[in-house]
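*Asks:* Each residue of the first sequence is one higher than the one before, counting from 1 in full-length UniProt numbering.
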Amino acid sequence: MEQTNKFKEIEVKWRKYWEEHPELYRADDKSDKKKFYVLNEFPYPSGSGLHVGHAFSFTGGDVYARFKRMQGYNVLFPMGWDAFGLPTENYAIKMKKKPQQVTRENTDMFRSQMKKLAFSYDWSREVNTTDPKYYKWTQWIFIKLFEAGLVYKKEMPINWCPSCKIGLANEEVVDGKCERCGTEVSRRNISQWVVKITDYADRLIDGLKETDFIDKVKQAQINWIGRKEGLIIDFLVENRDKKISCFTKYPETIFGTTWVVVSPEYLDLDSLVTVEQKQEVTKYIEESKKKNELERTSGTSEKTGVFTGSYVVNPVNRKKIPVWIGDYVLANFGTGAVMGVAPHDSRDFMFAQKYGLEMIQVEVPKNDSTYIIDSYEKVIEDGVMINSEQFNGMKARNEAYKAICDWMVENNWAQRKIEYHLRDWIFSRQHYWGEPIPMIFCENCAKNKFSIFNSQFSIKDKKIKESSYGWMPIPENQLPLVLPEVEAYEPTDDGLSPLSRIPEFVNCVCPKCGGKAKRETDTMPNWAGSDWYFLRYCDVNNDIEIASQDKLERWLPVDVYIGGDEHNTLHLLYSRFIHQFLYDIKAVPTPEPYKMRMSHGVILGPDNARMSKSKGNVIVPEVVADKYGVDVVRMYLMFMGPFTGTMAWSENTLMGVKRFLNRFEKYIVNQISDLRFQNNASNKEVKVIINKLVEGVTKDLETFGYNTTIAKLMKALNEITISKKQFPKEDIEVLIKLMAPFAPYITEELWSKVGAHGNASVHQQLWPVAEEKYLSEETVVIPIAVNGKVRSQLSITNYELRIEEKEIIQKARELENIKKWIDGKIIKKEIYIKGKMVNFVIEG
RNA sequence: GCCGCUGUGGUGAAAUUGGUAUACACGCAAGACUUAAAAUCUUGUGGUCUCAACAACCGUGUGGGUUCGAUUCCCGCCAGCGGCACCA
1 MEQTNKFKEI
11 EVKWRKYWEE
21 HPELYRADDK
31 SDKKKFYVLN
41 EFPYPSGSGL
51 HVGHAFSFTG
61 GDVYARFKRM
71 QGYNVLFPMG
81 WDAFGLPTEN
91 YAIKMKKKPQ
101 QVTRENTDMF
111 RSQMKKLAFS
121 YDWSREVNTT
131 DPKYYKWTQW
141 IFIKLFEAGL
151 VYKKEMPINW
161 CPSCKIGLAN
171 EEVVDGKCER
181 CGTEVSRRNI
191 SQWVVKITDY
201 ADRLIDGLKE
211 TDFIDKVKQA
221 QINWIGRKEG
231 LIIDFLVENR
241 DKKISCFTKY
251 PETIFGTTWV
261 VVSPEYLDLD
271 SLVTVEQKQE
281 VTKYIEESKK
291 KNELERTSGT
301 SEKTGVFTGS
311 YVVNPVNRKK
321 IPVWIGDYVL
331 ANFGTGAVMG
341 VAPHDSRDFM
351 FAQKYGLEMI
361 QVEVPKNDST
371 YIIDSYEKVI
381 EDGVMINSEQ
391 FNGMKARNEA
401 YKAICDWMVE
411 NNWAQRKIEY
421 HLRDWIFSRQ
431 HYWGEPIPMI
441 FCENCAKNKF
451 SIFNSQFSIK
461 DKKIKESSYG
471 WMPIPENQLP
481 LVLPEVEAYE
491 PTDDGLSPLS
501 RIPEFVNCVC
511 PKCGGKAKRE
521 TDTMPNWAGS
531 DWYFLRYCDV
541 NNDIEIASQD
551 KLERWLPVDV
561 YIGGDEHNTL
571 HLLYSRFIHQ
581 FLYDIKAVPT
591 PEPYKMRMSH
601 GVILGPDNAR
611 MSKSKGNVIV
621 PEVVADKYGV
631 DVVRMYLMFM
641 GPFTGTMAWS
651 ENTLMGVKRF
661 LNRFEKYIVN
671 QISDLRFQNN
681 ASNKEVKVII
691 NKLVEGVTKD
701 LETFGYNTTI
711 AKLMKALNEI
721 TISKKQFPKE
731 DIEVLIKLMA
741 PFAPYITEEL
751 WSKVGAHGNA
761 SVHQQLWPVA
771 EEKYLSEETV
781 VIPIAVNGKV
791 RSQLSITNYE
801 LRIEEKEIIQ
811 KARELENIKK
821 WIDGKIIKKE
831 IYIKGKMVNF
841 VIEG
């Protein structure tokens with residue numbers, strides 16, 4: 001009890017001191033010191049406050065920032081709020097409060113909790129995505145994208161959540177259900193703003209080369225973009241002046257193509273269906289319409305289809321092959337038509353088997369020319385070509401792919417094509433609590449086919465140009481377009497944004513013709529504000545630029561970006577895309593925003609399950625900190641396991657960390673009281689312990705090895721207390737410094753007690769550097785092995801490390817326990833690894 | 001199914017470039033202090049054999065391989081976790 005109160009006293013005292021000295025953690029825009037930018041993903045300030053996941057991730061960032069600061073870097077370590085979004089809107093509706101007010105309450109709560117946990121943010125750089133001064137620039141980015149022809153309006157079937165009454169991006173649909181509420185998603189046609197992120201697909205892959213992201217993250221990005229090279233092959237329809245184009249990644253299988261399938265939504269479908277087949281086709285299409293998206297796209301379902309009655313010609317061998325309709329073909333991928341090669345695609349195999357279509361195998365495994373494929377599980381990926389005329393005998397993927405592509409393109413049967421899994425990004429949301437999209441639509445100008453692209457920009461894509469008729473961004477000097485405060489936030493039943501019910505907002509004047517015009521009433525998705533927030537931290541108060549070039553050049557790129565796995569694909573991709581675009585229009589000085597991405601682990605509940613209110617296993621960091629002390633919680637979080645790992649909360653382990661901190665404090669206090677009486681002289685044994693510790697801690701901190709850093713500190717304290725040596729003041733100070741990033745309160749208190757530093761905080765001190773001469777010990781113990789098995793040890797002093805190999809081996813031979821093994825045996829080989837190992841290889 | 005990751009004590013986990021496997025902590029056991037409890041401190045703690053110690057043997061999911069020597073590198077398999085899935 002007494003102990004706990006002491007912790008609290010210290011915490012209150014130093015929190016007040018830090019509050020009064022904000023310059024401690026301020027990033028300096030003018031300093032000559034080398035910069036270092038540590039970024040934690042900014043949180044969504046929910047009503048339930050800071051959870052353990054936040055505390056874990058933020059402590060990890062804070063330790064790193066404190067470490068780098070002490071190493072003498074000019075550190076930028078900022079924090080802000082990603083505050084737009086549905087939960088706040090829903091909560092506001094429920095509580096009959098304004099979202100603006102809810103956001104203010106929540107961010108106030110988060111900020112004070114963060115201060116309590118001693119996160120060393122530069123609070124003068126706080127940003128909030130819902131602040132008009134901030135979203136002015138989110139809107140500005142949208143306008144720039146529009147001007148560059150990277151945003152267009154499109155009437156398109158979107159994923160519609162009937163419960164949230166909102167359109168969802170593909171990314172927000174999980175298992176066919178709404179990511180937020182779990183309701184099954186349906187399709188709905190709505191005119192949406194769409195961002196052409198696909199234009200940047202290759203750049204987003206290539207740019208990864210310039211980053212130090214861990215492989216896992218790079219791979220996730222590459223997979224999501226899903227670049228696929230292949231051909232679009234044209235199949236001419238018999239007796240009609242038409243063609244069906246199919247995209248394929250595997251053009252080398254063209255000689256095995258024995259049919260073509262189109263999706264039920266295929267545009268030209270009517271002209272392909274013969275009179276005899278008409279009835280059957282109509283029936284099939286009716287049935288497939290009844291299936292929902294989930295049924296149609298579950299990989300295991302039966303492949304069904306119907307013959308159209310038409311035939312096309314396989315260009316490479318003039319063979320007549322049938323055209324089918326099948327709902328396993330997707331209308332919105334590739335060309336909506338697929339060539340069927342039964343033996344080399346598992347779906348095609350199932351389809352061919354069901355309808356008795358011809359199968360021609362065109363590849364065999366490298367060593368077995370008699371191999372026949374008779375099941376969809378045996379599809380060959382890379383074999384040797386057969387049944388393919390002049391290409392027979394070639395290796396399929398390496399040689400035949402290239403040769404067949406060249407040959408077909410030369411003959412005008414096909415064109416090269418790259419497809420992506422990545423789709424354009426639906427940017428419209430029909431909700432209140434988001435950035436208003438700063439666009440105006442003028443019907444009059446639309447009738448006159450006015451497009452701002454006509455006069456200002458050269459946009460090649462005809463569809464994009466047409467979609468822009470009548471649409472204009474609001475003039476830049478009118479930004480920000482402020483979200484009006486309204487009484488009702490509920491979306492309308494027809495799915496329109498609540499803003500559409502406010503005539504004062506909707507009705508405006510056309511900037512072009514001066515006539516009556518209407519504003520866009522959709523708002524932007526959550527991602528819009530979080531794509532670029534790291535830029536704003538560099539220059540928060542700038543109201544003429546997104547941030548000044550000068551300051552961006554000083555701080556970019558972000559040196560370490562710490563966040564969760566769940567943002568490794570979407571957020572990171574969107575954010576990199578926006579940054580690359582801003583680089584192209586010369587608004588930012590670096591091609592990539594983040595140098596290194598660190599993805600932190602997950603803290604599970606004490607029951608080893610994900611924390612959730614319904615399971616009742618939620619740990620609230622604030623509550624634990626009140627009980628045991630902030631430093632204990634911080635240090636425990638960092639000690640639990642590797643920073644990237646998944647681990648369960650355990651009160652027992654936390655108690656171990658608490659014991660350690662108590663022992664540490666007690667030890668230092670005892671030493672300090674001794675210091676007054678004696679001037680302890682430096683002692684070599686002590687110096688070795690301290691310097692090895694400095695070296696190890698520094699190295700581990702650098703690579704986020706927090707758990708081993710703390711283990712080393714614990715081990716050193718054990719050694720120190722056992723040795724019962726008196727420590728000189730300078731070494732006591734080193735110990736306090738090494739602990740400072742983890743335990744800011746206790747170390748600050750001890751630092752003030754150790755004395756003679758004026759008013760300087762421990763967090764402003766320079767990080768100790770290990771002295772080379774103390775890093776090697778007096779004596780080294782070398783294991784001696786026989787046939788690789790350690791049988792004995794040999795103690796040698798440093799001096800002897802320099803003596804002849806022969807002498808070491810001779811000494812090793814003379815050891816009792818070694819003699820036992822080697823006497824009377826023939827030694828085939830003697831191996832000595834300097835300072836590490838001796839191994840005798842004997843016969844038998 | 002595909003992609004990625006991970007398998008080490010009773011538990012969370014360490015192990016540099018291939019060089020003494022299990023650091024650090026938890027838990028457990030015994031002991032000290034205490035009227036008692038808590039707290040604190042000390043000692044022990046992979047397995048087999050042994051009264052015990054020494055020694056020996058076995059041990060990093062599993063089966064092989066490379067090597068003087070493999071938790072680490074290579075090949076095959078098994079189990080678990082995460083992500084994506086009729087993407088042609």
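A virtual CB, placed ideally from N, CA and C, is assigned to each residue, including glycine.
1. For Tyr-594, which residues of its own chain have a beta-carbon under 7 Å away from its beta-carbon, when the five flanking residues on both sides are left out?
2. Kindly confirm or deny that the segment 325-333 and the segment 274-293 touch, where touching means at least three C-beta pairs closer than 8 Å.
3. Within the same chain, show all residues whose beta-carbon is closer than 6 Å to that of Ala-400, passing over the 5 residues directly before and after it, in chain order.
4. Note the first and the last residue of the continuous alpha helix (DSSP H) segment covering Tyr-121.
5. Figure out for me which residue from Phe-255, Lys-518 and Tyr-355 has the closest Cα to the Cα of Val-313.
6. Between Met-339 and Val-260, which are expected to be in contact by the criterion C-beta below 8 Å, what is the C-beta distance as a whole number of angstroms?
7. Contact check, Leu-815 vs Ser-795 under 8 Å by CB: the rounded distance?
8. Pick helix, strand or coil for Asp-270, following the three-state DSSP scheme.
9. For Asn-189, name the three-state secondary structure that DSSP assigns.
10. In chain order, what residues of the same chain have a beta carbon less than 7 Å from the beta carbon of Val-195, not counting five sequence neighbours either side?
11. Determine the DSSP secondary structure at Glu-843, reduced to helix, strand or coil.
12. If you draw a straight line from the C-alpha of Met-1 to the C-alpha of Lys-666, how long is it?
13. Roughly how many whole angstroms lie between the Cα atoms of Asp-374 and Lys-354?
14. Could you compute how far the alpha carbon of Trp-14 sits from the alpha carbon of Ser-752?
15. Need the endpoints of the alpha helix (DSSP H) that Tyr-706 sits in, please.
16. Pop quiz: Phe-441 and Trp-413 are said to be a contact at Cβ under 8 Å. What is the actual Cβ separation, rounded to whole angstroms?
17. Take every Cβ of the segment 512-530, pair it with every Cβ of the segment 75-86, and state whether three or more of those distances are shorter than 8 Å.
18. With distances taken from CA atoms, which of Ser-723, Leu-713 and Ala-27 is nearest Ala-740?
19. Relative to the C-alpha of Glu-733, which candidate in Val-762, Gly-705 and Thr-709 has its C-alpha closest?
20. At the level of alpha carbons, what is the spacing between Glu-695 and Thr-653?
21. Rounded to a whole number of angstroms, what is the C-alpha to C-alpha distance between Lys-829 and Thr-779?
22. Less than 8 Å between the C-beta atoms of Phe-247 and Gly-334, yes or no?
23. Counting beta carbon pairs with one atom in the segment 67-80 and one in the segment 594-613, are three or more of them shorter than 8 Å?
24. Taking the alpha carbon of Asn-541 as the reference point, which residue from Lys-133, Lys-68, Ile-93 and Val-63 has its own alpha carbon closest?
25. Quick check on DSSP: helix, strand or coil for residue 917?
26. Could you say which of Lys-8, Leu-496, Phe-7 and Glu-20 lies nearest to Trp-759 if we only look at CA atoms?
27. Could you work out which residue in Phe-110, Tyr-832, Pro-436 and Phe-727 is closest to Trp-81 when comparing CA atoms only?
28. For Arg-305, count neighbouring C-beta atoms within 10 Å of its own C-beta (all shown protein chains included) and say buried if the count is 16 or more, exposed if not.
29. For Asp-234, which option in Pro-315, Tyr-311 and Thr-308 has the closest C-alpha, if you only look at C-alpha atoms?
30. Straight-line CA distance for Lys-96 to Val-52?
31. Apart from the five residues on each side of it in sequence, which residues of its chain come closer than 6 Å, Cβ to Cβ, to Lys-449?
32. When DSSP labels each residue in this structure, what does Asn-392 get in the three-state scheme?
33. Based on the DSSP secondary-structure assignment, which residues constitute the bridge partners of Trp-324?
34. So, with DSSP's three-state summary, where would you put Cys-178?
35. How many Å lie between Met-611 and Ser-650 at the Cα?
36. Would you check if there are 3 or more beta carbon pairs closer than 8 Å linking the segment 495-511 to the segment 415-424?
*Replies:* Looking at the coordinates:
1. Thr-211, Pro-557, Val-558 and Tyr-561
2. yes
3. Glu-252, Met-385, Phe-391 and Met-394
4. Counting along the chain, Tyr-121 falls outside any alpha helix (DSSP H), and DSSP gives it neither H nor E.
5. Phe-255
6. 6 Å
7. About 11 Å; that fails the 8 Å criterion.
8. helix
9. strand
10. Leu-145, Leu-150, Val-151, Asp-424, Trp-425 and Phe-427
11. coil
12. Bear in mind that a pLDDT of 42 at Met-1, under 50, signals an unreliable position, so the model cannot answer this.
13. 13 Å
14. 11 Å
15. 706-723
16. At roughly 44 Å, the Cβ-Cβ gap does not stay under 8 Å, so Phe-441 and Trp-413 are not in contact.
17. yes
18. Leu-713
19. Val-762
20. 26 Å
21. 26 Å
22. yes
23. no
24. Lys-133
25. Because residue 917 is not part of the residues shown, which for the chain are 1 to 844, the question remains open.
26. Checking the displayed sequence, the identity of residue 759 turns out to be Asn instead of Trp. Of the listed residues, the one whose Cα sits closest to Asn-759 is Glu-20.
27. Phe-110
28. Here the sequence assigns Gly to residue 305, which means Arg is not the residue at that position. Answer is buried; the Cβ neighbour count reaches 16.
29. Pro-315
30. 29 Å
31. Tyr-469
32. coil
33. Val-261 and Phe-307
34. strand
35. 13 Å
36. no
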